[in-house]
Structures are given as structure tokens and as C-alpha cells.
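Structure, as C-alpha cells:
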Amino acid sequence: MRTNKLIIQTPEGICLAQQLAGPVTRFLAFASDLAAIGVISSLLAQVLLLTAIVNPDLALAARTVCYFIVTVGYSILLEWFWRGQTLGKRVLKIRVVDAEGLRLRPAQIVIRNLLRLVDLLPAFYAVGGICCALSPKFQRLGDFAANTVVIYAVPEKIPDLELLFSGTLNSLRGHSHLAAQLRKSISPGEARLALEAVVRRDGLEPNSRLELFRQLADYLHPIAPFPEESLAGLTDEQYVRNIVDLIYRPMVGG
Amino acid sequence: MIVDLKKFIASERATWEELDEMLKRLENQTITHLTLDEIQRLHYLYERTGAGLIKISTFAAEPNLVRSLESLLIRAYAEMQDVPSSATWSPRRWLFRTFPQTFRKHFRFFLAALALTILGGLFGGGAVAFDPDAKAAIAPFPHLLENPSQRVKEEESKPNQMLATAKGRFSATLMTNNTQVSILALALGVTWGIGTLILLFYNGVILGAVIFDYVRAGQSVFLMGWLLPHGVVEIPAILIAGQAGLLLGQALIGWNSKESVSQRLRSIAGSLVTLISGAALLLIWAGLVEAFLSQYHEPILPYQFKIAFGLIELLALLWFLIFAGRDAPPRVISRH
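Sequence lines, in order, name chains U and X.
Under this note's numbering, think of the first position of the first sequence as 160, with each following residue one higher.
Under this note's numbering, think of the first position of the second sequence as 8, with each following residue one higher.
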């Protein structure tokens, strides 16, 4: 089955998921790397041009060899030293990893990069692009042979719930028996939905944000029947945030 | 039941931070080997973080926290499952042990590559023998289309002026082009070996056509003097790259293997890199010899000298590939 996640089931029974990078993101990273290779090659050519004063033949030979080494070695060396990242992959926040979650080996890096020669055939990365688009794990031929995948490498920080609710007064906290009833009757799925809405609210379009919190508030009202006076003046978003606060931070202030 | 997230994070944060710190040190290779106590601690932190992930996934599931712990655990999992190599990499050991041992370990694929090239050579020679016009279709370079006798006469009467000032550039071009062909021979193995088979056969066709053309024209000595110094290294190098390509093809097909494709590919990864690196190394030597020796003919360099040089190289290469590293046990690359 095609999924945009790399799922790793550990022997301890833990299921770990990482988001896979799709063909477009990978192509953009490759385009950035091509630009970097162009810049590095040009700089080297300029430097080597200076040696032409001493020996023009040697300068041209060195330029040919250096261009070849940069073209072939750029991705190999950077992925080796930066643990699966090149400049382009750093910019796009993606990383090469072992397809089974193991440590990435130098041999895997070399193979996936040497096999790029076939992925580039017949032109414009056609073979690699088609394979990547059709593969369940977005793998090009080089990835398949090397047992690697490319994932998003955005470092996830441990969220700070204090920041999420800082500077707000929760008018529902006074009804401790209703709050306890809420925690008892709400399902983990419903609580998760409300929490996720609060966490992601800043990324929503204004109209979508209003509509989402209106629907959530309508849904939560019957589960948590707080008296009307405690809800007076609360927007739908404030109401949902206060509900989430009561669920996930039951001990704050009482 | 819904977990009190604030309390949960407060109680577990120290564990996650300690695990993260330990992983950073391992990943950056600040520490390469852990003591028994450190291994036990790493395992404890890994299991405790895993238990925490299961708990919040089931009862709370704050998405960023779940992703954060998954990201931490996946790094820990990679380190926990890894079997670090006990020996450091040495270029000398790689060249005189690992490379020839790997070559011999997968010798049947080299034989297959050699047989295919010979088959192509017979086809190329036969094609030129029966249809002289076939030469134009086969020859990849214009100078191979010339009449061999005419070319020998020109080379011997007028030394190549271009080489006097461009030996280095010529040598570099040969090295890079041949290395690219070798990489292609390996990479085409991903087509279940079919691409590698075609490439090796085509190389054989060109070689066979050229050899037949020169032998028929009575220029065998010139041909040997021209091809042997670099060819005895260049051709085996391409065959070794083909050997790697066929090995890759076999791993994908998996004849007589009960392992999964990924297990088979994983087990040959080191061999592929060793073979292609060895081939590249041989091609550097071949490129130097071709530019600085092969292109000089009589009266500058006697053919007997060039032929003898080529034969000595061939013997040395054969000795190296057959006998080097025989007394040393092969290095076991373990992973699972």
C-alpha cells in the first residue's frame, strides 16, 4: 500500500513513523545541489586557471579531474559527513536514511549516488522521477538498490504546554466538578482533536479558523455543559482552548 | 483516560533530554564505543521513552510530542541495532586484502563478464570479417575507421604533435571517461543485470572489430604495442565493474536465495563499493599509461618494449587479483 510515511516496527512493539519526502521536494533539493555543484566547479576552475601560468596542460587536466570528482563526489561526501544531507537537502529539510531505520552506512551512500547515473537516463532524471513517483516509499532506483529512503528531517522539539496556554484566565476552572465530569466523559480521540486544533490554530486561514472552532465548540457543548454565565464573552476558540486546558492540565490552580 | 500531559512531560523530560544528549554524542562520534553501564543506560532510556510514546499515543496524543518522541526513538533504534566495526579502515588493508578477496569471492560474475565480452568480441570480429561496412556502424571513434596500415604509417612517420602539449589533459579525459563507463556498468546492474550484459557485449563488439581489422591488415605488432600497455589494466577494470553490475543484478533476481531483496542488497553493498572503487583505481593507472606510453610508437618507443611492459603489467595484475590477501582471513562485515 502506498503511504507517505516510513513505518518502522521495533522488536519492542513500538511503531515509529517518519514522513517521506515526495518527488517534488526531492527534485527541488537536487536542483539546489546542481546549482551548488556548478558554483563549486566554477570556483575550482578559476583557482586552477592560475596554475595554467606554470603548466597549461596540467591545469586543464586538473580541471577535468576536479570537475569529475565534484560531480560524483559532492553528494557522497556531504551525505557521509552530514548524515544523509547535502546542501539542497538541508535547505529543503530532508534527509537520507536507511529504509529499515538502521544507521546509514557509507556503502549505501556510495551506491545510491553512483546509481544516479541510471536514474538520470535518458534525460532530465526521467527514470528516477518515474520510479520515485510510482514507488510506495518514493524511492528512485539508487534508493532501492541502497535500501534508503528520503524523509523530512524537521527537528521536533518537545512542546511546551505552558506557552500554549500562557497569559490566559480560564473562567471554567471554577467548576471543578464539571471539569472532572468532562475528563471522564470525553474520549481520547475527541480530546486529541481539540488539542490538535489549538496547537495548529496559527497555521489556519482566518475564516477556516473561525469555522473550525465554531464546529468544535458546538460539538463539545453537550459533552461539557458549563453554565451560561461562565461562557459569557468567550469566543468559540477561547472556549475550546479552555476545554483543552482543563483536560490536559487538570492540576493548574486547583 | 486522558493523561495529564503537563505532569507527564515534566516527569519524562529529563529522560528524553538525556537520551537525546547520548544520541548526539554517538551520532557525532564524540564517543565511538559505549561501556557496559552506558549501554545499559541507553537501553533503559530507549525503553522508557518507548513506553512513554505508547502511553501518550493511546491516551493523549499531542501530535508534536508524538512526532518528537518518534524522531528521538528512531535515532535511538538506529544506534541500538547498529553493530559498530571493531577495526578502523586502512587503505593498505583495503587494497591488498579486501579488494582482491572481494574479487575472488564473486569470481563467477567476473567470469560471466569476461565470457560476455569475448562473445561480443567474436561477434564484432565476425561482423567486420563478413561485412567490411560494419566497421562504420561499430567504431565509436573516427580514428578507428581509418585503414590500419595507413594509420600505422602516419603514426610512425609523424609523431602525434597534440600529445606533446596535452598529455595531461588526454590522460585526465581517459580516466574520467573510463570511470564513467565503469560506473555505468555497475549502475545498469539495477536493470536485473540486463543493462550490464548489453554494455559488456557492446564493449566486446568494438574490441573484436578493432582487433580483427588490425590483424587482417597485418598490423598485429602495432596493435599489441598500442593496446597492451593500457588495455591489460583498462579491460579488466571494466570487467570488474561489470562483475559488480552482474552481482547487483543477481541480488535483485535472487536465484537460489531465501533472503528478501533488501537483505540480499544489504549483504552485497560493501562488495559493490569495493569492486567499483578497485576498478576506478585501476583506471587511473590505465589512463596514465595510455596517455604517456601507449600513444607513442616506433621509432620513439620500440614495440617490443611496449608489449613486454603490457605483459609484465598483466602478470602483476593477475598475481595481485589471484594471490593478494590469501593468507589473511576475510574481514567479516556484520550487520544482523
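Note that CB positions come from ideal geometry on N, CA and C, so glycine has one too.
| Item | Value |
| --- | --- |
| Between the C-alpha atoms of U/Gly413 and U/Pro347, what's the straight-line distance to the nearest angstrom? | With a pLDDT of 41 at U/Gly413, under the threshold of 50, the predicted position of this residue should be treated as unreliable, and no value is reported. |
| Mind checking the stretch 218 to 251 of chain U against chain X and listing, in chain order, the residues whose C-beta falls within less than 7 angstroms of any C-beta there? | Leu219, Ala220, Thr223, Val224, Phe227 and Arg242 |
| Could you tell me which chain C residues have their CB closer than 7 angstroms to the CB of U/Ala176, listed as they occur along the chain? | As a matter of chain content, chain C is missing from the structure shown, whose protein chains are U and X. |
| Strictly by DSSP, which residues pair up with U/Lys164? | U/Gln178 |
| Counting contacts by CB-CB distance shorter than 8 angstroms, is X/Ala134 in contact with chain U? | no |
| List, in chain order, every chain X residue whose beta-carbon is nearer than 9 angstroms to that of U/Asp302. | The premise fails here: U/Asp302 is roughly 11 angstroms from chain X at the closest Cβ pair, so nothing lies under 9 angstroms. |
| Take the Cβ of U/Gln177 as the centre, count every other Cβ of all protein chains shown within 10 Å, and call the residue buried at 16 or more, exposed below. | buried |
| Touching or not, the stretch 179 to 195 of chain U and the stretch 239 to 255 of chain U, by the rule of three or more beta carbon pairs under 8 angstroms? | yes |
| Could I get the ranges of all uninterrupted beta strand (DSSP E) runs contained in the stretch 284 to 365 of chain U, with 3 residues as the minimum, in chain order? | 307 to 311 |
| Can you list, in chain order, the residues of its chain whose CB lies under 8 angstroms from that of U/Leu276, leaving out five sequence neighbours each side? | none |
| Answer with yes or no whether the minimum CB distance from U/Thr169 to chain X is below 8 angstroms. | yes |
| Kindly list, in the order they appear in chain X, the residues whose Cβ is closer than 7 angstroms to that of U/Gln267. | Ala276 |
| Kindly say whether X/Ile329, judged by its beta-carbon, lies nearer than 8 angstroms to any beta-carbon of chain U. | no |
| Which residues mark the beginning and the end of the alpha helix (DSSP H) in which U/Asp278 is found? | Arg275 to Asp278 |
| Assuming the contact rule is C-beta atoms closer than 8 angstroms, X/Asn184 and X/Gly127 should be a hit. Round their C-beta distance to whole Å, please. | The pair is not a contact, with the Cβ atoms about 19 angstroms apart (cut-off 8 angstroms). |
| What are the start and end residues of each continuous alpha helix (DSSP H) run of 4 or more residues lying completely inside the stretch 210 to 258 of chain U, in chain order? | 215 to 240 and 246 to 250 |
| Please report the residue range of the alpha helix (DSSP H) in which U/Gln397 lies. | Asp395 to Tyr407 |
| Could you compute how far the alpha carbon of U/Ala356 sits from the alpha carbon of U/Leu379? | 13 angstroms |
| Thinking U/Leu331 and U/Ala338 are a contact (beta carbons under 8 angstroms), I'd like their distance in whole angstroms, please. | 7 angstroms |
| State the Cα-Cα distance for the pair U/Phe385 and U/Trp241, rounded to the nearest angstrom. | 54 angstroms |
| Take X/Ser189 and list the residues in its own chain whose beta-carbon comes closer than 7 angstroms to its own, dropping the five residues that flank it on each side. | Ala244, Ile245, Ala248, Ile283, Ala286, Ala287 and Leu290 |
| Is U/Ala204 near the ligand SAM, with its Cβ less than 7 angstroms from a heavy atom? | As for the ligand SAM, it is missing from this structure, which has no ligand bound. |
| Using 8 angstroms as the threshold, is the C-beta distance between X/Arg271 and X/Ser264 below it? | yes |
| Name the chain X residues whose beta carbon is nearer than 8 angstroms to that of U/Asp216? | Thr172, Ala173, Lys174, Gly175 and Arg176 |
| In three-state DSSP terms, what is X/Leu206? | helix |
| Mind listing the chain X neighbours of U/Arg408? Cutoff is C-beta to C-beta under 9 angstroms, in chain order. | Asp11, Leu12, Lys13 and Lys14 |
| Whose Cβ in chain U lies nearer than 7 angstroms to the Cβ of X/Leu206? | Chain U residues near X/Leu206: none, gap ~11 angstroms exceeds 7 angstroms. |
| Under 8 angstroms, Cβ to Cβ, is there at least one residue of chain X near U/Arg264? | yes |
| Rounded to whole angstroms, what's the CA-CA distance from X/Ala315 to X/Arg333? Just pull it up for me. | 27 angstroms |
| By the 7 angstroms beta-carbon criterion, what residues does the stretch 248 to 281 of chain X contribute toward chain U? | Leu255, Ser269, Leu272, Arg273, Ala276, Gly277, Leu279 and Val280 |
| U/Asp192 touches chain X at which residues, Cβ-Cβ below 8 angstroms? | What U/Asp192 touches in chain X: nothing, since even the nearest Cβ is about 18 angstroms away. |
| Nearest-angstrom Cα distance between X/Arg176 and X/Ile260? | 41 angstroms |
| Which residues of the stretch 187 to 211 of chain X have a Cβ closer than 9 angstroms to any Cβ of chain U? Give them in chain order. | Gln187, Ile190, Leu191, Leu193, Ala194, Leu195, Gly196, Val197, Thr198 and Gly202 |
| Rounded to the nearest angstrom, how far is the Cβ of U/Gln267 from that of U/Thr307, given a contact under 8 angstroms? | 5 angstroms |
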